[in-house]
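Numbering (the numbering used here) for the sequence shown: 2 to 173.
Heads up, the beta-carbon is just placed ideally off N, CA and C, and yes, glycines get one too.
Before any comments, here is the structure.
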Amino acid sequence: MSDVVWSQHPSMRSRAGRLVLWTLIALWIASARWWLPNLVQSLPMLEPIQPWLTTIARWSWVALAIPVLLVAQAWIASRLVRYDLMADRLMISQGLILRRMDNLELYRVRDVHLELPLISRILGVGDIVLDTVDHTTPQVRLRGVRDPVKAFNRIREATEASRRKAGIAGMT
(Lines of atoms letter the chains of each structure in order from A and count residues from 1; the text may use other names and numbers.)
(Lines give C-alpha, C1' and ligand atoms only; values in the text may rest on other atoms or scores of the structure.)
Protein backbone atom coordinates (compact mmCIF):
# COMPACT_ATOMS: atom_id res chain seq x y z
CA MET A 1 0.00 0.00 0.00
CA SER A 2 1.30 3.45 -0.91
CA ASP A 3 2.06 6.10 1.66
CA VAL A 4 -0.65 8.69 2.20
CA VAL A 5 0.35 12.05 0.69
CA TRP A 6 -2.71 13.95 1.91
CA SER A 7 -5.66 12.97 4.09
CA GLN A 8 -8.71 14.87 5.29
CA HIS A 9 -12.33 14.70 6.46
CA PRO A 10 -14.84 17.20 5.01
CA SER A 11 -14.83 20.39 7.06
CA MET A 12 -17.75 21.43 9.25
CA ARG A 13 -17.22 24.96 7.93
CA SER A 14 -18.79 23.90 4.63
CA ARG A 15 -22.09 23.42 6.49
CA ALA A 16 -21.96 26.73 8.38
CA GLY A 17 -24.76 28.44 6.44
CA ARG A 18 -27.35 25.76 7.14
CA LEU A 19 -26.31 25.48 10.77
CA VAL A 20 -26.66 29.24 11.32
CA LEU A 21 -30.07 29.25 9.61
CA TRP A 22 -31.39 26.40 11.78
CA THR A 23 -29.99 28.05 14.90
CA LEU A 24 -31.80 31.31 14.09
CA ILE A 25 -35.07 29.45 13.42
CA ALA A 26 -34.72 27.51 16.68
CA LEU A 27 -34.01 30.68 18.65
CA TRP A 28 -37.04 32.36 17.11
CA ILE A 29 -39.23 29.40 18.07
CA ALA A 30 -37.69 29.21 21.54
CA SER A 31 -38.35 32.92 22.06
CA ALA A 32 -42.07 32.18 21.68
CA ARG A 33 -42.18 32.03 25.48
CA TRP A 34 -41.91 35.83 25.48
CA TRP A 35 -43.62 37.00 22.30
CA LEU A 36 -46.52 34.53 22.05
CA PRO A 37 -48.39 35.69 25.21
CA ASN A 38 -48.15 39.31 23.99
CA LEU A 39 -49.50 38.25 20.61
CA VAL A 40 -52.52 36.60 22.25
CA GLN A 41 -53.23 39.73 24.32
CA SER A 42 -52.96 42.05 21.32
CA LEU A 43 -55.14 39.90 19.03
CA PRO A 44 -58.47 39.02 20.72
CA MET A 45 -59.38 36.63 17.89
CA LEU A 46 -56.71 34.24 19.26
CA GLU A 47 -58.56 33.88 22.59
CA PRO A 48 -60.16 30.52 21.63
CA ILE A 49 -56.76 28.90 21.10
CA GLN A 50 -55.02 30.61 24.02
CA PRO A 51 -54.55 27.38 26.05
CA TRP A 52 -52.91 25.71 23.07
CA LEU A 53 -50.64 28.72 22.44
CA THR A 54 -49.73 28.84 26.13
CA THR A 55 -48.63 25.20 25.97
CA ILE A 56 -46.53 25.95 22.89
CA ALA A 57 -44.92 28.91 24.65
CA ARG A 58 -44.20 26.80 27.73
CA TRP A 59 -42.47 24.07 25.71
CA SER A 60 -40.76 26.32 23.14
CA TRP A 61 -37.36 25.88 24.84
CA VAL A 62 -37.32 22.35 23.38
CA ALA A 63 -36.67 24.00 20.00
CA LEU A 64 -33.16 24.82 21.23
CA ALA A 65 -32.36 21.11 20.87
CA ILE A 66 -32.73 21.41 17.09
CA PRO A 67 -29.41 23.16 16.37
CA VAL A 68 -27.60 20.94 18.86
CA LEU A 69 -28.90 17.83 17.09
CA LEU A 70 -28.12 19.29 13.65
CA VAL A 71 -24.55 20.16 14.68
CA ALA A 72 -24.08 16.66 16.08
CA GLN A 73 -25.48 15.09 12.90
CA ALA A 74 -23.28 17.26 10.67
CA TRP A 75 -20.18 16.48 12.74
CA ILE A 76 -20.84 12.74 12.67
CA ALA A 77 -21.54 12.84 8.92
CA SER A 78 -18.28 14.70 8.27
CA ARG A 79 -16.27 12.26 10.42
CA LEU A 80 -17.67 9.29 8.50
CA VAL A 81 -16.12 10.49 5.23
CA ARG A 82 -12.38 10.44 4.65
CA TYR A 83 -10.28 11.40 1.64
CA ASP A 84 -6.84 9.76 1.35
CA LEU A 85 -4.48 10.68 -1.48
CA MET A 86 -1.67 8.26 -2.26
CA ALA A 87 0.96 8.64 -4.97
CA ASP A 88 -1.10 6.64 -7.47
CA ARG A 89 -4.71 6.73 -6.25
CA LEU A 90 -7.36 8.58 -4.30
CA MET A 91 -9.34 6.58 -1.75
CA ILE A 92 -12.69 7.84 -0.48
CA SER A 93 -14.12 5.92 2.45
CA GLN A 94 -17.54 6.67 3.88
CA GLY A 95 -20.19 5.15 6.11
CA LEU A 96 -20.55 3.70 9.58
CA ILE A 97 -22.49 0.45 9.37
CA LEU A 98 -21.98 -0.08 5.65
CA ARG A 99 -18.43 1.15 5.05
CA ARG A 100 -17.86 1.97 1.38
CA MET A 101 -14.38 2.52 0.00
CA ASP A 102 -13.91 3.89 -3.50
CA ASN A 103 -10.50 3.84 -5.18
CA LEU A 104 -9.77 6.13 -8.07
CA GLU A 105 -6.56 5.46 -9.97
CA LEU A 106 -5.09 8.89 -10.60
CA TYR A 107 -3.97 8.12 -14.15
CA ARG A 108 -7.70 7.84 -14.99
CA VAL A 109 -8.34 11.48 -14.00
CA ARG A 110 -8.96 13.63 -17.06
CA ASP A 111 -9.34 17.01 -15.34
CA VAL A 112 -9.21 18.50 -11.84
CA HIS A 113 -10.90 21.76 -10.96
CA LEU A 114 -11.62 23.75 -7.85
CA GLU A 115 -14.94 25.33 -6.88
CA LEU A 116 -14.72 28.25 -4.44
CA PRO A 117 -17.97 30.20 -3.97
CA LEU A 118 -17.62 33.46 -2.02
CA ILE A 119 -18.84 32.13 1.33
CA SER A 120 -16.57 29.09 0.97
CA ARG A 121 -13.56 31.34 0.34
CA ILE A 122 -14.42 33.34 3.44
CA LEU A 123 -14.66 30.13 5.48
CA GLY A 124 -11.48 28.66 3.96
CA VAL A 125 -13.11 25.62 2.35
CA GLY A 126 -13.93 24.50 -1.17
CA ASP A 127 -14.88 21.57 -3.37
CA ILE A 128 -12.40 19.76 -5.58
CA VAL A 129 -13.96 18.07 -8.61
CA LEU A 130 -12.19 15.34 -10.56
CA ASP A 131 -13.48 14.40 -14.03
CA THR A 132 -12.46 10.83 -14.84
CA VAL A 133 -12.60 8.33 -17.69
CA ASP A 134 -14.11 5.80 -15.26
CA HIS A 135 -17.60 4.69 -16.35
CA THR A 136 -18.83 3.98 -12.80
CA THR A 137 -17.80 7.37 -11.39
CA PRO A 138 -17.29 9.89 -14.20
CA GLN A 139 -17.06 12.72 -11.67
CA VAL A 140 -15.72 12.64 -8.12
CA ARG A 141 -16.45 15.60 -5.83
CA LEU A 142 -14.45 16.15 -2.64
CA ARG A 143 -16.73 18.38 -0.58
CA GLY A 144 -15.73 20.79 2.15
CA VAL A 145 -11.96 20.53 1.72
CA ARG A 146 -9.98 22.71 4.15
CA ASP A 147 -7.17 24.75 2.57
CA PRO A 148 -8.55 23.83 -0.87
CA VAL A 149 -5.87 25.47 -3.02
CA LYS A 150 -3.06 23.51 -1.37
CA ALA A 151 -5.09 20.27 -1.58
CA PHE A 152 -5.97 21.00 -5.21
CA ASN A 153 -2.30 21.47 -6.09
CA ARG A 154 -1.31 18.23 -4.34
CA ILE A 155 -4.00 16.28 -6.17
CA ARG A 156 -3.10 17.88 -9.51
CA GLU A 157 0.62 17.15 -9.05
CA ALA A 158 -0.07 13.55 -8.00
CA THR A 159 -2.39 13.11 -10.99
CA GLU A 160 0.20 14.44 -13.44
CA ALA A 161 2.92 12.22 -11.92
CA SER A 162 0.66 9.17 -12.10
CA ARG A 163 -0.22 9.90 -15.73
CA ARG A 164 3.46 10.31 -16.64
CA LYS A 165 4.27 7.03 -14.88
CA ALA A 166 1.47 5.29 -16.81
CA GLY A 167 2.76 6.78 -20.08
CA ILE A 168 -0.23 9.03 -20.63
CA ALA A 169 0.61 12.51 -21.92
CA GLY A 170 -0.61 15.53 -19.93
CA MET A 171 -4.09 16.27 -18.63
CA THR A 172 -6.70 16.51 -21.38
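Problem set entry | Supposed close pair Ser12, Val126 - CB separation, criterion 8 Å | Your pair Ser12 and Val126 checks out as a contact, with CB atoms roughly 5 Å apart and the cut at 8 Å.
Exercise. Do you know how far the Cα of Ser94 is from the Cα of Arg100?
Worked result: About 7 Å.
Exercise. Could you give the distance in angstroms between the alpha-carbon of Leu117 and the alpha-carbon of Ala159?
Worked result: In this structure, the alpha-carbon of Leu117 lies about 21 Å from that of Ala159.
Exercise. Applying the criterion that 16 or more other CB atoms from any shown protein chain within 10 Å of the CB defines a buried residue, is Lys166 buried or exposed?
Worked result: Lys166 should be labelled exposed.
Exercise. Under a Cβ-count criterion, where at least 16 other Cβ atoms within 10 Å of its own Cβ denotes burial, should Arg122 be classed as buried or exposed?
Worked result: The residue in question, Arg122, is exposed, as its Cβ has fewer than 16 Cβ neighbours within 10 Å.
Problem set entry | Residue from Thr137, Glu161, Asp103 and Leu143 whose Cα sits closest to the Cα of Ser15 | Taking only the C-alpha atoms, the option nearest Ser15 is Leu143.
Exercise. What is the DSSP secondary structure of Gly125, reduced to helix, strand or coil?
Worked result: If DSSP states are grouped into helix, strand and coil, Gly125 belongs with coil.
Exercise. On the three-state DSSP scale, how would you describe Val134?
Worked result: Residue state, collapsed to three classes: coil.
For this session: Buried or exposed for Val113, please, with buried defined as at least 16 other CB atoms from any protein chain shown within 10 angstroms of its CB.
Result: Under this definition Val113 is a buried residue.
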